[in-house]
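One structure below.
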Ligand code: NAD
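In our numbering, the protein residues as written are 1 to 340.
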């Protein structure tokens, strides 16, 4: 266990157990140098405790990087609740988790993640104020989409010389909560849209409502376009796909777009500008964090807009140092998280 923590430079790892409700939870606090650790709470069936711990640790580390480059006074953390085979009361389970979060005294702030909803956060909120994205707070996805839009403008400016989206050909993979909202903004700004989704209904909607051109999921990555925008699952850029890309830049919402750090180098070698995923998709985190801290809608909107400026800074450093933006972003984040 300590080897896992040391490898990830994790500060704290907590286990919470409540036999009455069936709660078995892991809270990983990666780093609190910039502030309390904020990160979502997953509720999933894990094969074993080891995989649950590894998931929490890996994701907590990622949250530190995201919060640091989003300019938030927050560190990174993550919780996973292991879904029990039988559950009497979901509310009792999340209330028990709320008590566990409260016991951490504010060093960890929880939020919605895979398998949890605003209603689960409402149960947690009965026992602690260290929770965001309750049902009253609203869906963070539209804010993620706005952040990606700002990031696409900055990427277009750096790679194509203009931040105008008029006539820009954008290929969006995945039209879910973020992808569809982004498609609407891009369309309104004059972009030409190529779209794919494994869900035929969402695809049809984009064709009818936004005038988008539908492309088969397997063909989208190889379609000629200015910007490829992964908004589905992670791992879109991998050794099998990287040579098929026919875009000037990759800038999208999906987490873990690069299959490995080397894929960032591979994109740079091919002249494809990559917007580091955890920088461009930080709008949802910015929204839930600033909302929790009591900031106004206008302040949140202004902070979201700074995602573009952060990317511009990363691109300039990457060009000056002839390194991939992914490596530059990691170094910047690590300097903020660990100091030095
Ligand atoms: P979602 O589940 O609502 O949407 C994902 C969409 O991708 C679905 O419509 C799905 O059918 C489609 N899809 C899946 N596999 C596909 C494939 N092979 N080809 C084409 N389409 C495919 O998820 P979301 O909330 O819109 O998030 C999208 C991505 O952005 C995820 O990787 C998520 O982790 C990341 N992200 C989301 C947020 C947020 O605020 N929701 C914040 C940060 C990062």
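Glycine included, each C-beta is placed from N, C-alpha and C at the ideal position. If you're wondering where the values come from, they're calculated on a predicted model, not measured in any experiment.
Residue 217, buried or exposed, once every other Cβ within 10 Å from all chains shown has been counted against 16: In the chain shown, the residue the question calls residue 217 occupies position 217. With fewer than 16 other Cβ atoms inside 10 Å of its own Cβ, residue 217 counts as exposed.
9 Å Cβ cutoff met for residue 68 and residue 333: The count along the chain shown starts at 1 and reaches residue 68 at position 68. The count along the chain shown starts at 1 and reaches residue 333 at position 333. Yes, they are a contact pair.
The alpha helix (DSSP H) enclosing residue 7, as first and last residue numbers: Here the question's residue 7 lines up with position 7 in the chain shown. Residue 7 -> alpha helix (DSSP H) spans 2-8.
Endpoints, the alpha helix (DSSP H) within which residue 123 is located: As a first step, residue 123 is located in the chain shown; it is residue number 123 there, counting from the start. Run containing residue 123: 118-125, per the alpha helix (DSSP H) assignment.
Cβ neighbours of residue 159 in the same chain (closer than 7 Å, five flanking residues each side left out): In the chain shown, residue 159 corresponds to position 159, counting from 1. Taken in chain order, the residues that qualify are 248, 249, 273.
Any non-hydrogen atom of the ligand NAD within 8 Å of residue 222 CB: Position 222 of the chain shown holds residue 222. No, the Cβ of residue 222 stays beyond 8 Å of every heavy atom of the ligand NAD.
Own chain residues within Cβ distance below 8 Å of residue 255, not counting five before or after: Mapped onto the chain shown, residue 255 falls at position 255. Counting only Cβ-Cβ distances below 8 Å, and skipping sequence neighbours, we find 62, 234, 277, 278, 281.
Near the ligand NAD: residue 242 beta-carbon under 8 Å from a heavy atom: Here residue 242 refers to the residue found at position 242 when the chain shown is read from its first residue. No, Cβ of residue 242 sits at least 8 Å from all heavy atoms of the ligand NAD.
Three-pair Cβ contact test at 8 Å for the segment 83-96 versus the segment 48-67: No: the two stretches stay apart, fewer than three of their Cβ pairs being nearer than 8 Å.
Where residue 315 falls: helix, strand or coil (DSSP): By 1-based counting over the chain shown, the position of residue 315 is 315. Assignment of residue 315 by DSSP, reduced to helix, strand and coil, places it in the helix class.
Residue(s) in a DSSP beta bridge with residue 227: The sequence position of residue 227 within the chain shown is 227, counting from 1. Residue 227 pairs with 170, 249.
Residue 175 Cβ short of 8 Å to the ligand NAD heavy atom set: In the chain shown, residue 175 corresponds to position 175, counting from 1. Yes, the ligand NAD has a heavy atom inside 8 Å of this Cβ.
Under 9 Å between C-beta atoms of residue 165 and residue 190: Here residue 165 refers to the residue found at position 165 when the chain shown is read from its first residue. Here residue 190 refers to the residue found at position 190 when the chain shown is read from its first residue. Result yes, Cβ atoms of residue 165 and residue 190 sit closer than 9 Å.
Residue 140: CB within 8 Å of a non-hydrogen atom of the ligand NAD: Here residue 140 refers to the residue found at position 140 of the chain shown. Yes, the beta carbon of residue 140 sits closer than 8 Å to at least one heavy atom of the ligand NAD.
Start and end residues, beta strand (DSSP E) containing residue 39: Residue mapping note: residue 39 aligns to position 39 of the chain shown, counting from 1. Annotation for residue 39: the continuous beta strand (DSSP E) segment containing it runs 37-44.
Contacting residues, own chain, Cβ-Cβ under 7 Å from residue 45 (five flanking each side not counted): In the chain shown, residue 45 corresponds to position 45, counting from 1. 83, listed in sequence order.
Check: residue 70 C-beta below 8 Å from any heavy atom of the ligand NAD: To locate residue 70, count along the chain shown from 1; it is residue 70. False, no ligand heavy atom lies under 8 Å from that Cβ.
Contact the segment 312-327 vs the segment 92-102: 3+ CB pairs below 8 Å: no
Three or more C-beta pairs below 8 Å linking the segment 215-231 and the segment 170-181: Because the criterion of three Cβ pairs below 8 Å is met, the segment 215-231 and the segment 170-181 touch.
Own chain residues within Cβ distance below 7 Å of residue 11, not counting five before or after: Working through the chain shown from its first residue, we reach residue 11 at position 11. Here the set comprises 29, 30, 31, 32.
Local conformation of residue 89 per DSSP, three classes: Walking along the chain shown from the start, residue 89 turns up at place 89. In the three-state reduction of the DSSP assignment, residue 89 falls in the coil class.
Per-residue DSSP class, three states only, for residue 81: In the chain shown, counting from the first residue as 1, residue 81 sits at position 81. Three-state DSSP puts residue 81 in a strand.
Residue 234 CB to nearest heavy atom of the ligand NAD below 8 Å: For the purposes of this step, residue 234 is taken as residue 234 along the chain shown, with counting starting at 1. Correct: residue 234 has its Cβ closer than 8 Å to the ligand NAD.
Selected residue, minimal CA-CA separation from residue 1, among 16, 40, 50: Working through the chain shown from its first residue, we reach residue 1 at position 1. Cα-wise, what sits closest to residue 1 is 50.
Local conformation of residue 139 per DSSP, three classes: For the purposes of this step, residue 139 is taken as residue 139 along the chain shown, with counting starting at 1. It is coil, neither helix nor strand.
Same chain, Cβ closer than 8 Å to residue 125, five either side skipped, listed in chain order: The residue labelled residue 125 in the question sits at position 125 within the chain shown. Excluding positions up to five away in sequence, the list reads 98, 131, 134.
For residue 258, three-class secondary structure by DSSP: Reading the chain shown from its first residue, position 258 is the one you call residue 258. Correct three-state label for residue 258: strand.
Any non-hydrogen atom of the ligand NAD closer than 8 Å to residue 225 Cβ: For the purposes of this step, residue 225 is identified with residue 225 of the chain shown, where counting begins at 1. Result no, Cβ not under 8 Å from the ligand NAD.
Residue ranges of each alpha helix (DSSP H) within the segment 145-216, 4 or longer: 177-188, 200-210
From 295, 194, 269, residue whose alpha carbon lies closest to that of residue 318: For the purposes of this step, residue 318 is taken as the residue at position 318 of the chain shown. Closest option to residue 318, Cα to Cα, is 269.
CB contact flag (residue 289, residue 74, <9 Å): Within the chain shown, residue 289 is the residue found at index 289, counting from 1. Within the chain shown, residue 74 is the residue found at index 74, counting from 1. Here residue 289 is near residue 74, since their CB atoms are less than 9 Å apart.
Sub-9 Å separation of residue 13 and residue 57 beta-carbons: On the chain shown, position 13 is the one that residue 13 refers to. On the chain shown, position 57 is the one that residue 57 refers to. In contact: residue 13 and residue 57 (Cβ atoms closer than 9 Å).
DSSP state of residue 265 mapped onto helix, strand, coil: Indexing the chain shown from 1 puts residue 265 at position 265. Note: residue 265 maps to helix in three-state DSSP.
Neighbourhood of residue 192 by C-beta distance below 6 Å, restricted to the same chain and skipping five residues each side: Looking up residue 192 in the chain shown gives position 192. These residues qualify, in order along the chain: 169.
Whole-Å CB distance - residue 40 paired with residue 112, under 8 Å assumed: For the purposes of this step, residue 40 is identified with residue 40 of the chain shown, where counting begins at 1. For the purposes of this step, residue 112 is identified with residue 112 of the chain shown, where counting begins at 1. Sure, about 6 Å apart at Cβ, within 8 Å.
Buried versus exposed, by CB contacts within 10 Å (16 or more), residue 105: Within the chain shown, numbered from 1, the residue matching residue 105 stands at position 105. With fewer than 16 other Cβ atoms within 10 Å, it is exposed.
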